[in-house]
Structure formats: C-alpha cells, structure tokens
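Following: one structure in structure tokens, then a few remarks.
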Amino acid sequence: MSVENAPVVDVDEAAIPVEKKMYYRFESNDKKEFRVSELAIQQSETLNRLVEAMGYTSEDVENKPAIAIENIDGKTLKLVFQWCEHHKGEAIPVDDGSVPKIVEIPEFDAKLMDIDNGLLFKLIWAADYLNIVQLLNVSCKKVANMAQGKTPAQLRRVYLLPSDEEDEAAKRAAQEAQDPRAREVEEEFEERKRQGGNSFF
Amino acid sequence: MRKTVRKFSDYLKDNTSTNVSPWDSYKELCNEFGDDFMNFPEFEYRFYRFHGGEKDDFDSSSETPKKTFSDLPVEIIGMFVKKLRPIDRILLRLVSANLQSIVDTYSPKLKSRHVRFTMYSDFCQIYFRTGTIELKKLETGYQIEDFRNTQTVILSNFDYREGVLNAFLTILGHPKTRMRMFKVEIDLSIEDCFWLTENLSKSLGDSKIWARKFVFDGKKAAPLLPFLSFVKPGALRTLPIYGSLEMQQGLYAELAGTEQWRQARKVDIPWLNGPFDPDQLQYFAHFNCFDVRLSSLTLAELMEFVKTLGNSENFQKCILRGQFQITADEYAAAGNKSVLREPIEGTSDRELELRFCKGWEGSLVIQRKKKRTQKN
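Protein sequences appear in the order of chains A and B.
Mapping to my numbering: the first sequence position 41 is 41, numbers consecutive.
Mapping to my numbering: the second sequence position 194 is 194, numbers consecutive.
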C-alpha cells in the first residue's frame, strides 16, 4: 500500500471511503480532525489505553467531540495515523531481547518519512508521546541513517547541533534568566578579586 | 543573500532535482555560496517544500521549522545513538561534550568474544565482531574507516591521538563490555604511550574492562602496567605477554604487585626479551598455569622452585623454557630419587611430576598429577 493510499481520513478530505468498522475521531492542536480505525489505534499504547478507558460506542464517536491531541499538529498527526493504518494488526515489538535489534525500514515507511528534518523530528516526538514503538524504531533508524559518513562538522549542520561553546553560552543565558542577581554577584566577586581583595564579605 | 538570490525557489529550480539527495544539493549550495550561507535543516526544509510544489521566496524565516534534533528528549536521542553504526557513533562523540556524554550513556555494550586494539604512531585498528575501525594519521588530521562497511571519513585538522582515544572509549568504554579475549598491540613512543594511558585512565575512572584473557604485545617495549590496570581483576584469568617494558627491564616484582597479576590463573611469556632472574619465579608460583622462558636455571634453583610449587594451592602445570644445563639424571641423583616426582604439602593423592623435554630449545614441564601407586 502506498503512502497516498493509507486509509487515514482527514475530515477535510472526507471523499476517501471509510470501511464499516469501529473508528475514533481525533483532533490535532491546529483543529484538524482524523478518523482512525480501532485496529490502527492499537499501535499506539497511549491512544489505545485512552479509548479503552473512554469506552465509546459507535454513536458516542459520532455524537461526542473528537478526542483532542493537544501537543501534535495536523501535519504530523496525519503521518502518524497513516503509519498506524498501514501497520494495523502487526505485532508490537517488545524489548525483551527476542526481537532482532537490527531495524529495517520498510518501503512504505521510507516513503512516509521522506520529509524535511523538522517534520521528521516532530514525527519522532509524536511517536514517543503516543508510545508507538515501531514507528519510533524506524524513525530513529531513519535519523541514524542520515548520520552515515558525516564528519562532526557535517553532523552539526545536519542536526543543527550546538558546539561546546554554544552549549555553554545557552547554559549561562538560562542561568542568568533564572537568577539575574547571581550574575551580578559573580561579576562583583570577580571585580573584587581583580582589585586584590581576599574576601567577598 | 537577498541580493544574491532574489527568489530562493529560482535557485532550487535551476540547481536541484528530486533525483539528487538534499544533502548533495546542499553541498553544491555550500560550494557556490560558502558554508555559512544557509544551514542544512533550513535548506532541506525549503528543498522539500519546493519539490512538493510550493513556491519559496527566500525571506520567509517565520516559517522555518522549530523542531530540531536537540529538542528531542534525551531518551530518544539515546535510541538514535543505539541505532548508529559504530563509526557514526565515534564521529558523533566528537561533536560536543553533551553528545559525548549521551553517546557514552546510551551506546550498546560491546558483544564480542575477541577484540583487538592495535596502535602504531600512524595507524590504529580496533577489531571486534561487528566491525573493524581503522584510523590512519594524515599530514593534517586523520582518516577513519569502517573496514567492514567500506566507509571512509577524513577529519582534517583533528588530532590523531585524540581520535584513537575517542574511538577506544566509544567502542570499548561501556562499563558492561565483556570480552573473552582482549588483545592490545602497541608500538608507540613512551611519550605517546603515557599520553594514551593517562587519558584513558582519566576517562574510564574506576570503570574496568572485563576480559577473561588479556593479551599484551608491547613490541618495542611499551609498558604493560598502565594497560593492565584497565582490566578488571578477578575477571582476568589468562595473561599472555609478548613483550613489554617491564619484561625488558625484568620488573616482575612490579607486575606481581598488581591485583590483576595476583588474581590471574595463567600467564604465558613465550619470548624472552629481557633478564629473567630465576629468583623471579616466585612471582609465578600462585598461578594455576604458566609458561615462561628463562635465561638460566641451576639445579639448586630448580630444587628450590619445585619446593615452592609444592606449597602452592593453585598450581597445576608450568613450562620452563630455556637452554638449561640440568639433566633429569642430575636432578634425580641430587634428590636420591628413582622417579622424577615430588610430594605436595597437605595432600596424599597428588604429587608433582617433572619432565625434561629435549628439542631445539630445552624445556622442563612440571605438572600436578594424581599420585602413582608403587608397584611391588
């Protein structure tokens, strides 16, 4: 099944036919609504627990408001649900040593993740938030593949990684923002040291 | 930039295509406009937008993606680290101190029966089950290669010694790393040796490398002691030494002072590369098994040593190699014996058996054996 044909229903694009099964409605933080099959939801431990706890009937799904997912935008959520629909019914990997650690990215997933870095990182974040183990595995693998053969400078550019100096500056800025008085005290102390004073007090 | 490229989409249209990866297109851009022109994530974002059919004026910074790799939770970065190939983990560890710490925390422990670390002044190799990492010193910087995946990366202006240290710590620094055999082959100047061991010591701290067998080949007399100190005492059972500063200078007493030496069960020193005073045999008596080459051995010294072995709790077998002048008959005559057997203190069913072997190099085998009953 291609990425385009994955049966995630964006309510705005409701022309795509929906199978007669139990579906749930979800809403992203930018108010985009999706209908996702019960089986696809099982890929997400978080959503699965949520819908189980809610105990919705088919009527409830239609009559009650869509379940809001406040931390994820529509673009990312669409990718997440496309992935879940494509992989519905598949076993969820358990990290007990029985599953091989080498992760292969299936063709569908590779095409789904052929996106810019910003969206890919959002997808990883969403997979983690919704606890979709296999999506997290393949997306991390995709990011790992991007590192292949790169020098430290190239890695810094690809992942926008700060250098030690930038890390230090950010840390200082955060400390200052938290406690501006601490910086003043430190400066005063340095000044007194320069003037030859032995004690601050 | 605005003056150079009025519409960035024009550049993308003229210079990029979906058949070329964003990274390769980005490298082209850097070649043309310089490395500082635009960072890769921003370029990649625009690349995909443009090839997805959206027009893109350059000055649309408000739409720049905000999620970056560094925004991901540390556990997720850890997952990513676990999925990296060893060479990529080594390179990522060089990016910053923060990433170094994440790589060290989340790197998978090495699962390999045999690991070999070889370091020369201009070449280093780390061999393990799933890869072979090689570093070659260049005029400026060094080249790192994943031999198995035929991947080569050149690190200009990077220090070769620092590179070796980084590779060592990335592959072997995991505190739960376990090896059946860990071989260290070193051919370096004393200064480089001490630099490496001092920095390894700083980085490893109290953490020790778990290896059942530690093989050391110090070539032109590299010191064994600092390397031996990285190996976990107790875990270490077998210690073959093919040459070291200590051997060359006959400093067996210093080796014998280490916990690793005291707790090992077997030692092999197949080559004589320094003075070996028979007095130093005392430092071997606690081993289950040892194989050493001696410069000389007198009858009196041998008799004294056999007595020491008779008192050893662990001793099973030893091979003493060298051009000895003693014969089996001389030994038997000196002890008024008809057979070359000696009693062991505290046991009535075991005894020491001596065998003098002839060959191009004379050798003497002493072994703990079941006591033979005298036939009438």
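Backbone N, C-alpha and C define an ideal beta-carbon position, used for all residues, glycine too.
**Request:** Run down chain B in chain order and give the residues with a C-beta less than 7 Å from the C-beta of R156/A.
**Result:** Neighbours of R156/A across chain B, judged by C-beta separation under 7 Å: V95.
**CB contact check: Q82/A to chain B, cutoff 9 Å** = It does not; no Cβ of chain B falls within 9 Å.
**Asked** Touch check for the segment 292-312 of chain B and the segment 320-330 of chain B: three-plus C-beta pairs under 8 Å?
**Response** Contact between the segment 292-312 of chain B and the segment 320-330 of chain B is present: three or more C-beta pairs spanning the two stretches fall below 8 Å.
**Request:** State buried or exposed for I144/B, treating a residue as buried only when at least 16 other CB atoms are found within 10 Å of its CB.
**Result:** Counting Cβ neighbours within 10 Å, I144/B comes out buried, since at least 16 surround it.
**Asked** What's the call for G34/B, buried or exposed, on a 16-neighbour Cβ count within 10 Å?
**Response** Its Cβ having fewer than 16 others within 10 Å, G34/B is exposed.
**Asked** If we count the other Cβ atoms within 10 Å of its Cβ and call it buried at 16 or more, is R372/B buried or exposed?
**Response** The residue is exposed, with fewer than 16 neighbouring Cβ atoms inside 10 Å.
**Asked** Who are the Cβ neighbours of K150/A in its own chain at under 8 Å, not counting the five residues just before and after it?
**Response** Excluding the 5 residues flanking it on each side, K150/A has same chain C-beta neighbours closer than 8 Å at V158, in chain order.
**Any chain A beta carbon closer than 9 Å to Y48/B** = A Cβ of chain A is located within less than 9 Å of the beta carbon of Y48/B.
**Prompt:** Which term fits S244/B, buried or exposed, when burial requires 16 or more other beta carbons within 10 angstroms of its beta carbon?
**Reply:** S244/B is buried by the Cβ-count criterion.
**Message:** Which of the three DSSP states is assigned to T16/B in this structure?
**Reply:** Reduced to three states, the DSSP call for T16/B is coil.
**Asked** Within this structure, are the beta carbons of L225/B and E191/B separated by less than 9 Å?
**Response** Judged by their CB atoms, L225/B and E191/B are not nearer to each other than the 9 Å cut-off.
**Message:** Helix, strand or coil for W210/B? Go by DSSP, reduced to three states.
**Reply:** The three-state secondary structure of W210/B, taken from DSSP, is strand.
**Message:** Which of the three DSSP states is assigned to L245/B in this structure?
**Reply:** Look at L245/B here: in three-state DSSP terms it is helix.
**Message:** Please classify T238/B as buried or exposed, where buried requires at least 16 other C-beta atoms within 10 Å of its C-beta.
**Reply:** With 16 or more other Cβ atoms within 10 Å, it is buried.
**Prompt:** What did DSSP end up calling S62/B once you bin it into helix, strand or coil?
**Reply:** Because S62/B sits at a pLDDT of 38, beneath the cut-off of 50, its placement in the model cannot be relied upon, and the point is left open.
**D291/B, enclosing beta strand (DSSP E) - first and last residue** = Residues C289 to R293.
**Message:** Taking the straight line between their C-alpha atoms, what separation do you get for A126/A and T76/A?
**Reply:** Their backbone Cα atoms lie some 7 Å apart in a straight line.
**Asked** At which residues does the beta strand (DSSP E) containing D146/B begin and terminate?
**Response** According to the DSSP assignment, D146/B belongs to the beta strand (DSSP E) that extends over Y142 to D146.
**Request:** Verify the CB distance criterion: does F121/A have a CB-CB separation below 9 Å to chain B?
**Result:** By the rule that beta-carbons nearer than 9 Å mark a contact, F121/A touches chain B.
**Residue burial classification, M146/A (beta-carbon count within 10 angstroms, cutoff 16)** = Flag for M146/A reads buried.
**Request:** Mind checking who A68/A pairs with in its DSSP beta bridge?
**Result:** Per DSSP, E27/A.
**Request:** Mark T140/B as exposed unless 16 or more other C-beta atoms lie within 10 angstroms of its C-beta, in which case mark it buried.
**Result:** Exposed, because fewer than 16 other Cβ atoms sit within 10 Å of the Cβ of T140/B.
**Same chain, Cβ closer than 8 Å to Q316/B, neighbours up to 5 away in sequence not counted** = Counting only Cβ-Cβ distances below 8 Å, and skipping sequence neighbours, we find N288, C289, Q367 and R368.
**Item:** S363/B versus Q154/A - alpha carbon distance
**Value:** S363/B and Q154/A: Cα-Cα distance of roughly 60 Å.
**Request:** Could you tell me whether the segment 302-309 of chain B touches the segment 269-285 of chain B, where touching means 3 or more Cβ pairs closer than 8 Å?
**Result:** Counting Cβ pairs under 8 Å, three or more are found: they touch.
**Message:** By the three-class DSSP mapping on this structure, what secondary structure does V99/A have?
**Reply:** Summary for V99/A: the model assigns pLDDT 49, below 50, so the residue's position carries little reliability; its value from the coordinates is reported in the next sentence. Under the three-state reduction of DSSP, V99/A is assigned to coil, being neither helix nor strand.
**Request:** For the alpha helix (DSSP H) holding Q263/B, just list the boundary residues, first then last.
**Result:** Note, Q263/B: alpha helix (DSSP H), E259 to Q263.
**Prompt:** Is there at least one non-hydrogen atom of the ligand SAM closer than 8 Å to the beta-carbon of R293/B?
**Reply:** Judged by which ligands are present, the structure shown has none, so any question about the ligand SAM falls away.
**Message:** Looking at chain A, is there any beta carbon in it that lies within less than 9 Å of the beta carbon of D57/B?
**Reply:** Note that D57/B scores a pLDDT of 47, beneath 50, so its modelled location is shaky; the value from the coordinates is reported in the next line. No - not a single Cβ of chain A is within 9 Å of the one on D57/B.
**Prompt:** Among residues of its own chain, excluding the 5 on either side of E63/B, which ones have a beta-carbon nearer than 7 Å to its beta-carbon?
**Reply:** With a pLDDT of 41 at E63/B, under the threshold of 50, the modelled position of that residue is not reliable, and the figure given next carries that caveat. There are no such residues.
**Asked** Between which two residues does the alpha helix (DSSP H) harbouring L72/B extend?
**Response** Taken as a continuous stretch (DSSP letters only), L72/B belongs to no alpha helix (DSSP H), as it is neither H nor E.
**Prompt:** Can the beta-carbon of V94/A be found closer than 9 Å to that of I132/A?
**Reply:** For the pair V94/A and I132/A, the CB atoms are not nearer than the 9 Å cut-off.
**Item:** Amino acids of chain A, ordered along the chain, whose beta-carbon sits closer than 9 Å to that of T68/B
**Value:** Against chain A, a Cβ distance below 9 Å from T68/B picks out N117, G118, F121, Y159, L160 and L161.
**Prompt:** If we call anything under 9 Å between Cβ atoms a contact, is R464/B one with P223/B?
**Reply:** In the structure displayed, chain B extends from 1 to 376; residue 464/B sits before or after that span and is not available.
**Asked** Looking at chain B, which residues of the segment 135-146 of chain A have a Cβ within less than 7 Å of any of its Cβ atoms?
**Response** Within the segment 135-146 of chain A, L136, C140, K141, V143 and A144 place their CB atoms closer than 7 Å to a CB of chain B, listed in sequence order.
**Message:** Which same chain residues end up closer than 8 Å to S112/B when comparing Cβ atoms and leaving out the 5 residues on each side of it in sequence?
**Reply:** The beta carbon of S112/B is closer than 8 Å to those of F128, R129, T130 and M179 in its chain, skipping five residues each way along the sequence.
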